[in-house]
Amino acid sequence: MISFFRNLYAGFFSFSEAKNWGVSKQNVSVYISALRIACYIGIMMVLHLCQVYSVDYYSKWIPIIAIVVIETLLSNFISGAKKHDMIMEKFSALSPQAKKTYQVLGLALTPIAFSALLIIMTVFRDVFLKANY
102 MISFFRNLYA GFFSFSEAKN WGVSKQNVSV YISALRIACY IGIMMVLHLC
152 QVYSVDYYSK WIPIIAIVVI ETLLSNFISG AKKHDMIMEK FSALSPQAKK
202 TYQVLGLALT PIAFSALLII MTVFRDVFLK ANY
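Residues 102 to 234 (this note's numbering) make up the sequence shown, in order.
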């Protein structure tokens, strides 16, 4: 699962590099974490709609954020500073069709992922404001 998100990052980075959009190499962890959060939110929403997992307003974000933080810290500890180069090296070994697929998926999921982060920040702001009153 982690390599899937890394390939999405590499696809997005290679496309944006070709278009001269100026994406920084240091944004690896932020981008991958945002995609993970969006993916996990989608999974939890589907489970909630299928009535497999019950989610209430206050506790639905806590497991998602905890999982993503643990995965991100573990990934940063394992890979360290050479993460971008390692991801791009593995991405260059993929077939051209796979590269194109990851580029399209990365471009499609990027606005969804960062919109999900904005929603989460808004929800937490509301929760904290209600807790203070």
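Virtual Cβ for every residue (Gly too), placed ideally from N, Cα, C.
Bear in mind the structure is a predicted one, so any value in this text is a computation, not a measurement.
Near ALA214, which residues of its chain fall below 6 angstroms by C-beta distance, leaving aside the five closest residues on each side in sequence?
The sequence position of residue 214 within the sequence shown is 113, counting from 1. Counting only Cβ-Cβ distances below 6 angstroms, and skipping sequence neighbours, we find ALA135, LEU136 and ALA139.
Spatial neighbours of MET189 in its chain, beta-carbon cut-off 6 angstroms, leaving aside the 5 residues before and after:
Within the sequence shown, the letter at position 88 stands for residue 189. Around MET189: ALA111.
Neighbour-count burial assignment, ALA217, 16 or more Cβ in a 10 Å radius
Mapped onto the sequence shown, residue 217 falls at position 116. Classification of ALA217: buried, given that the 10 Å Cβ count is 16 or more.
LEU219 versus PHE192 - alpha carbon distance
The sequence position of residue 219 within the sequence shown is 118, counting from 1. The sequence position of residue 192 within the sequence shown is 91, counting from 1. Between LEU219 and PHE192, the C-alpha separation is close to 29 angstroms.
Count Cβ pairs between the region 115-127 and the region 146-153 that sit closer than 8 angstroms; are there 3 or more?
no
Would you report the Cα separation of LYS200 and SER125, rounded to the nearest angstrom?
Locating residue 200 in the sequence shown gives position 99, where the first residue counts as 1. Locating residue 125 in the sequence shown gives position 24, where the first residue counts as 1. Separation of LYS200 and SER125 (C-alpha to C-alpha, rounded to the nearest whole angstrom) is 20 angstroms.
Nearest by alpha-carbon distance to ILE163: which of ILE142, GLN204 and LEU208 is it?
Here residue 163 refers to the residue found at position 62 when the sequence shown is read from its first residue. Answer by Cα proximity: ILE142.
Nearest by alpha-carbon distance to LEU175: which of PHE114, ASN108, GLY123 and SER130 is it?
The sequence position of residue 175 within the sequence shown is 74, counting from 1. Cα-wise, what sits closest to LEU175 is SER130.
If you follow the alpha helix (DSSP H) that LYS184 is in, where does it begin and where does it stop?
Against the sequence shown, residue 184 aligns to sequence position 83. Looking at the DSSP string, the run of the alpha helix (DSSP H) that includes LYS184 is 184-193.
Beta-carbon gap between LEU109 and LEU195 smaller than 7 angstroms:
Residue numbering aside, residue 109 sits at position 8 when the sequence shown is read from its first letter. Residue numbering aside, residue 195 sits at position 94 when the sequence shown is read from its first letter. In this structure, LEU195 does not lie closer than 7 angstroms to LEU109 by Cβ.
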